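Colleague:
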Amino acid sequence: MAVLLQISSTTAMSITSEERDFFITLGERIARLRKEHGITQTQLAERLGVSPQTIQAYESGKRRIQVAALPELARLLSTTLEELFGQQQETTVRKRGPAPKWQQQLEAIDQLPKSQQKFVAQMLDALIAQATTKASSEGREVLQ
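Using our numbering, the first residue of the sequence shown is number 55, and each one after it goes up by one.
(1) Going by other Cβ atoms of all chains shown within 10 Å of its Cβ, with 16 needed for buried, is arginine 118 buried or exposed?
(2) In three-state terms, what does DSSP make of threonine 145?
(3) Alpha helix (DSSP H) containing valine 174: first to last residue?
(4) Shorter than 8 angstroms from the beta carbon of glutamine 171 to some beta carbon of chain D?
(5) Which same chain residues end up closer than 8 angstroms to glutamine 141 when comparing Cβ atoms and leaving out the 5 residues on each side of it in sequence?
(6) If you draw a straight line from the alpha carbon of tryptophan 156 to that of serine 169, how long is it in whole angstroms?
(7) How would you call threonine 108, buried or exposed, if buried means at least 16 neighbouring beta carbons within 10 angstroms?
(8) In whole angstroms, what separates the C-alpha of alanine 128 from that of glycine 115?
(9) Which value, in whole angstroms, describes the spacing of the CA atoms of isoleucine 93 and aspartate 164?
(10) Provide the residue span of the alpha helix (DSSP H) that contains glutamine 97, from first to last.
(11) Can you list, in chain order, the residues of its chain whose CB lies under 8 angstroms from that of leucine 166, leaving out five sequence neighbours each side?
The structure is reproduced here in structure tokens:
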């Protein structure tokens with residue numbers, strides 16, 4: 055079954071129900087991310103150079119988003135194109151960096167007073183030295 059989807063104010067195009075489902079889901083993701091960032095439809099519209107009605111139409115899946123606008127939209131919503139399109143993070147190459155748990159711990163340490171940060175750093179240094187010594191004595195290679 056084909057449905058009509060407005061592409062611009064003067065053009066309508068027939069699309070499949072699968073394509074329509076994609077645009078509805080994309081619109082839902084845009085709305086969720088926009089709300090998570092505390093951005094109104096009007097604010098997002100101004101930043102993208104479109105009307106608030108256009109944003110509403112994107113979010114309801116009634117209008118296709120211009121391909122050229124997608125990178126800017128992803129940037130404004132602090133996400134990637136892959137995430138905007140609903141691709142799972144497992145299918146994308148993970149950037150090298152701390153695991154989420156480590157990241158949370160680092161952020162918590164960052165909130166401590168400098169004297170406590172120094173203490174935590176000394177404890178970590180001691181634990182790392184101990185683990186390195188133990189791994190070496192067991193004949194395991196230690197990367198540094």
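Note that CB positions come from ideal geometry on N, CA and C, so glycine has one too. These figures come from a predicted structure and were not determined experimentally.
Modeller: Let's see:
(1) Buried, by the Cβ-count rule.
(2) Any reading at threonine 145 must be qualified, since the residue scores a pLDDT of 43, below 50, and its modelled position is unreliable; no value is offered.
(3) 168-191
(4) Annotation note: the requested chain D is absent from the structure, which comprises a single protein chain.
(5) none
(6) 21 angstroms
(7) Burial call: buried.
(8) Each residue's CA atom was taken as its position, placing alanine 128 and glycine 115 some 17 angstroms apart.
(9) 28 angstroms
(10) Segment 95-102, the alpha helix (DSSP H) holding glutamine 97.
(11) Val174
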